[in-house]
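Mind the numbering: the sequence shown is residues 3 to 385 in the working numbering, read in order.
Cβ atoms here follow ideal geometry from the backbone N, Cα and C, with glycine treated the same way.
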Amino acid sequence: MVHALTEFEKTQIGERQPLPERYLRLSDEEMAARIQAAKDALGSRVVILGHHYQRDEVIRFADHIGDSLKLAQVAATKTAADFIVFCGVHFMAESADILSAPHQQVILPDLAAGCSMADMAAIDQLEVCWNELSQLGAASVVPVTYINSAAAIKAFCGEHGGIVCTSTNAAKVMEWAWARSRQRGGAGRGKVLMLPDQHLGRNTAFTMGVPLDQMAVWDPNEPFGGLTREQVAAAALILWKGHCSVHTRFSVAQIAQFRKQHPDGRVIVHPECTHDVVQAADESGSTEFIIRTVKNSPKGSVWAVGTEIHLVNRLAADVAPDRLVVTLDPFGCLCSTMFRVSPNHLLWTLEGLVEGKVYNRIAVDEPQKSFARVALDRMLEMA
Ligand code: SF4
C-alpha cells in the first residue's frame with residue numbers, strides 16, 4: 003500500500019545536511035579535544051542530551067543521559083540553554099522541540115538517525131485506521147502512542163483525547179486510557195488503540211491481567227486492519243502491527259542457552275521484546291528499570307540483558323562492574339540508526355554553533371506541535 007511520506011522521510015529528503023569532508027578523517031584524540039573545546043566555548047548556551055543506546059565516544063559528552071522519558075522531562079525543564087543537541091534518534095529530538103521553550107532550538111547531529119519502529123506508523127495510515135474503527139463500531143476507543151513515534155502521530159493522539167507513553171509508564175498510561183474509554187461509553191474494561199509497538203502494548207497489558215484473547219492486532223496494510231467487527235468488539239486492546247527491529251532479535255532459544263551456561267544467572271529484557279521472550283525472562287522493564295535492577299543486584303550476580311548493546315556494555319563495565327553482565331544475543335544487538343550519531347557529527351554541529359550556524363535543526367510545525375504537546379503533557383502530568 004502506498005502511503006504519504008513520514009515526517010522523518012520528508013526531513014531526510016528535504017533538509018538533511020551531510021557531514022562536510024573536513025570532518026571525516028580526524029583522530030579520536032583531536033575529535034574529543036575539539037568537541038570539549040566547542041562545548042566549553044558554548045558554555046550554558048548548549049545542553050547535550052544522550053540516550054543510553056548511544057556509543058561511548060558520544061555519550062561521554064552528554065550533560066544528561068537517560069531513556070526517552072527522562073530525556074523528555076529534561077527537555078521540558080532545562081529552558082536556560084539556547085540549543086539542545088540531542089544525541090538520540092529523530093522522534094526524541096522532535097519530542098524535545100515540542101516540549102522545549104520557544105527560544106530554544108533542537109539539533110539532531112545526523113538527521114538520518116531515525117527509528118524503524120516509529121516509521122511503521124504513518125499519519126495517513128492512522129487516519130484510515132481511525133475511520134475504519136469507527137465504521138466497525140469502536141467509537142469509544144482512546145489512542146495511546148509510544149513516544150517512539152513521529153510528531154504527527156502524537157499530534158493525532160493529542161487531538162483525539164489520547165496520550166503518549168514510554169516503556170517506564172506504559173501501565174499507568176494504559177489504565178488512564180481505559181478509564182477514559184469507559185467515560186466515552188466503552189463496555190467492560192474499555193478500548194485502547196496502542197501504537198506503534200505491538201510488543202510493548204501486549205507485554206504491558208498482559209502483566210495488568212488482560213488476557214491475550216482480549217487483544218487484537220491491527221495490520222495497517224490490510225483493509226479494516228485485517229479484523230472483523232466481532233474481533234474489534236471483543237478487544238480491550240487493539241495493537242498496531244509495529245515492532246522494534248533491535249529488540250525482536252532476542253529469542254527464547256538464547257535464554258535457554260544462557261541458562262544452560264549459567265544455571266544461577268538471571269535474564270532481564272526490555273518490553274519491546276516479543277511476548278514469549280518476556281515470559282521466559284526473569285525480569286522485564288524499561289531501560290532505566292534494567293539499569294537499576296542490575297546495579298542493585300548482589301555482587302557476583304550473573305545477568306543476561308536483552309537490550310541494545312551499548313547499554314549492555316556500559317552496564318558491564320561501569321554501572322555494575324562487580325557482576326557478570328552479558329548480552330542475551332551473542333552477536334550483540336545494535337541500533338544502527340542510533341549509531342549514526344557519530345562524534346564527527348557532534349563536533350560538526352557544536353563547532354557550527356560556535357560560528358553561529360545551526361545545522362540539522364529539528365522543528366515541528368504548528369498546529370502539529372501544539373496537539374502533540376497536549377498528548378505529551380498528559381503523560382508528563384501523570385509522572
Ligand atoms: S532500539 Fe528500536 S525502538 Fe529504539 S530507536 Fe532503535 S529501532 Fe527504534
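Original post:
Relative to the C-alpha of residue 267, which residue among 110, 303, 36 is closest?
Top reply: Comparing Cα positions, the closest option is 303.
Original post:
Cβ of residue 337 versus every heavy atom of ligand 1: is any distance shorter than 7 Å?
Top reply: Yes, the Cβ of residue 337 comes within 7 Å of a heavy atom of ligand 1.
**OP:** Output the boundary residues of the beta strand (DSSP E) element that contains residue 131.
**Re:** DSSP places residue 131 outside any beta strand (DSSP E); the residue lies instead in the alpha helix (DSSP H), whose first and last residues are 125-137.
Original post:
Going by Cα to Cα distance, which pick from 146, 259, 154 is closest to residue 124?
Top reply: 154
Original post:
Using the beta-carbon count (16 or more within 10 Å), is residue 288 buried or exposed?
Top reply: buried
Subject >> Separation of residue 299 from residue 332, as counted between CA atoms >> reply: 22 Å
Original post:
In this structure, what does DSSP give as the bridge partners for residue 195?
Top reply: 145, 240
**OP:** Check whether the Cβ of residue 340 lies closer than 7 Å to any heavy atom of ligand 1, and answer yes or no.
**Re:** Answer for residue 340: yes, Cβ within range of ligand 1.
Subject >> N-terminal and C-terminal residue of the beta strand (DSSP E) that residue 333 is part of >> reply: Taken as a continuous stretch (DSSP letters only), residue 333 belongs to no beta strand (DSSP E), as it is neither H nor E.
Subject >> Backbone secondary structure at residue 341 - three-state DSSP >> reply: helix
Subject >> Option in 231, 226, 43 with minimal Cα separation from residue 357 >> reply: 43
Original post:
Is the region 342-352 touching the region 131-142, taking contact as three or more C-beta pairs under 8 Å?
Top reply: no
**OP:** Buried or exposed for residue 401, please, with buried defined as at least 16 other CB atoms from any protein chain shown within 10 angstroms of its CB.
**Re:** It is not possible to answer for residue 401, since the shown part of the chain is limited to 3 through 385.
**OP:** May I ask which residues mark the beginning and end of the beta strand (DSSP E) holding residue 66?
**Re:** 66-68
Original post:
residue 362 and residue 28 look like a contact to me (Cβ under 8 Å); what is the Cβ gap, rounded to whole Å?
Top reply: 19 Å between Cβ atoms; not a contact.
Subject >> Completely contained alpha helix (DSSP H) runs for the region 257-324, where each covers 4 or more residues >> reply: List check, alpha helix (DSSP H) in window: 277-282, 289-297, 311-316.
Subject >> heavy atom of ligand 2 below 7 Å from residue 247 C-beta >> reply: Among the ligands in the structure shown, ligand 2 does not appear; only ligand 1 can be found there.
Subject >> CA-to-CA distance, residue 101 to residue 375, given in whole angstroms >> reply: 7 Å
Original post:
At what residues does the beta strand (DSSP E) containing residue 217 begin and finish?
Top reply: 217-220
Original post:
Cβ atoms of residue 74 and residue 149: under 8 Å apart, would you say?
Top reply: Yes.
Original post:
In angstroms, rounded to a whole number, what distance separates the CA positions of residue 140 and residue 193?
Top reply: 8 Å
Original post:
Whose C-alpha, out of 297, 315, 334, is nearest the C-alpha of residue 324?
Top reply: 297
**OP:** At 3 residues or longer, and completely inside the region 37-121: list those beta strand (DSSP E) runs for me, N to C.
**Re:** 48-53, 66-68, 85-89, 107-109
**OP:** Compute every distance between the C-beta of residue 205 and the non-hydrogen atoms of ligand 1, then say whether any falls below 7 Å.
**Re:** no
Original post:
Between residue 98 and the rest of its own chain, which residues show a CB-CB distance below 6 Å, the 5 nearest in sequence each way excluded?
Top reply: 77, 86, 88, 108
**OP:** State yes or no: is the C-beta of residue 71 within less than 8 Å of the C-beta of residue 168?
**Re:** yes
Original post:
How many Å lie between residue 94 and residue 45 at the Cα?
Top reply: 23 Å
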